[in-house]
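Single-structure report; data block below.
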Amino acid sequence: MSSLNTRVSACWRHLFSNYKLILAAIGIVAIVTHAHRQLEAEQVFAKDVAESVVVAPEGAPPITQESIDLAMQIYGINLPSGTEPPMLDLNMQDRGLTTRSPILDKARVTIGPAAFSSWALLGSTLAHEIEVHCQQNFFAIYVMDLIGLDGTGAAERQAYIHELSHAQRFGTLDDDAKMIADTVAFYYPEAEAKINVSLAAPVKSWVGRAFLAAALVSNTN
Numbered sequence: 198m199s200s201l202n203t204r205v206s207a208c209w210r211h212l213f214s215n216y217k218l219i220l221a222a223i224g225i226v227a228i229v230t231h232a233h234r235q236l237e238a239e240q241v242f243a244k245d246v247a248e249s250v251v252v253a254p255e256g257a258p259p260i261t262q263e264s265i266d267l268a269m270q271i272y273g274i275n276l277p278s279g280t281e282p283p284m285l286d287l288n289m290q291d292r293g294l295t296t297r298s299p300i301l302d303k304a305r306v307t308i309g310p311a312a313f314s315s316w317a318l319l320g321s322t323l324a325h326e327i328e329v330h331c332q333q334n335f336f337a338i339y340v341m342d343l344i345g346l347d348g349t350g351a352a353e354r355q356a357y358i359h360e361l362s363h364a365q366r367f368g369t370l371d372d373d374a375k376m377i378a379d380t381v382a383f384y385y386p387e388a389e390a391k392i393n394v395s396l397a398a399p400v401k402s403w404v405g406r407a408f409l410a411a412a413l414v415s416n417t418n
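Note that the numbering used here has the sequence shown beginning at 198, numbered continuously upward.
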């Protein structure tokens, strides 16, 4: 009995010492599931955008909740399941923000006055938050950050690139496009990331890099 207890205790100690590897494995399962769903959603979304015709009002939008609701309709931005409607926050400094706990919580999107310089920028900001961040797997991002894969940086790069790639859809002004590109280059440069990884990368790439990072972490302990 004493020998059995010793083996059980040793097993638990080994399991606890490799908790990061366990978290990485859980994260990989979440990533694989999410990647397949995201690919299907992106294909449907691309078809809908290609068929849509956008006519924005003249001038800059008033800084109101009604402008946010109207921009959602103008640019055909649909709320994913598990997402609350975007709300205006007059005290926020950034253009937009998406918050969500890693597990079992609805995404909350807030939009600040900085997004209201034009209808194009307001639509682009809403797409940044809703079409990208609200579709991302926050648990996977948390696990990536935990094991050193810069999940937050990858998530932001993906959202800003989405804005730039849809500039024609929103009619984004050249100055705004430059501002977005400069933001990516300054705050989220790929060259400075520990491991350059995109949340839209193939599943095979995700799995390989996640296991590699987990192995590196366990080997240094």
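Using N, Cα and C, we set each Cβ at its ideal position, and we do this for glycine too.
The structure presented is a predicted model; accordingly, all values stated were derived computationally and were not measured.
Just confirm the distance between the C-beta atoms of residue i and residue j, as a whole number of angstroms; I'd bet it's less than 8 Å.
i, j, result
"Ala-253", "Gly-368", "7 Å"
"Tyr-385", "Glu-353", "5 Å"
"Ile-274", "Glu-328", "6 Å"
"Ala-364", "Ala-356", "Going by Cβ atoms, the distance from Ala-364 to Ala-356 rounds to 14 Å, so no, they are not a contact pair."
For residue i, count neighbouring C-beta atoms within 10 Å of its own C-beta (all shown protein chains included) and say buried if the count is 16 or more, exposed if not.
i, result
"Glu-326", "buried"
"Asn-334", "buried"
"Gly-348", "buried"
"Gln-332", "buried"
"Phe-336", "buried"
"Leu-287", "exposed"
Enumerate in chain order the residues of its own chain whose CB-to-CB distance from residue i is below 6 Å, with the five nearest sequence positions on each side excluded.
i, result
"Leu-294", "Thr-307"
"Arg-305", "Glu-281, Thr-296"
"His-330", "Thr-295, Ala-356"
Might you give, ordered along the chain, the residues of its own chain that have their beta carbon closer than 8 Å to the beta carbon of residue i, omitting 5 neighbours on each side?
i, result
"Gln-290", "Gly-309, Ala-311"
"Ile-265", "Pro-283, Met-284, Leu-285, Ile-308, Leu-319, Leu-323"
"Phe-313", "Ala-257, Pro-258, Pro-259, Ile-260, Ser-264, Leu-319"
"Lys-303", "Gly-279, Thr-280, Glu-281, Arg-297"
From the DSSP output, in three-state form, read off residue i for me.
i, result
"Met-289", "coil"
"Leu-318", "helix"
"Arg-366", "helix"
"Arg-354", "helix"
"Asn-343", "Note on identity: in this sequence residue 343 is Leu, with Asn being the wrong assignment. Looking at Leu-343 - three-state DSSP - the assignment turns out to be helix."
"Leu-294", "strand"
"Val-381", "helix"
"Thr-261", "coil"
Below 7 Å CB to CB, which residues in the same chain sit around residue i once its five sequence neighbours on both sides are set aside?
i, result
"Leu-370", "Ser-315, Ala-317"
"Ala-378", "Leu-361"
Is the number of C-beta pairs between the segment 334-349 and the segment 312-319 that are closer than 8 Å three or more? no
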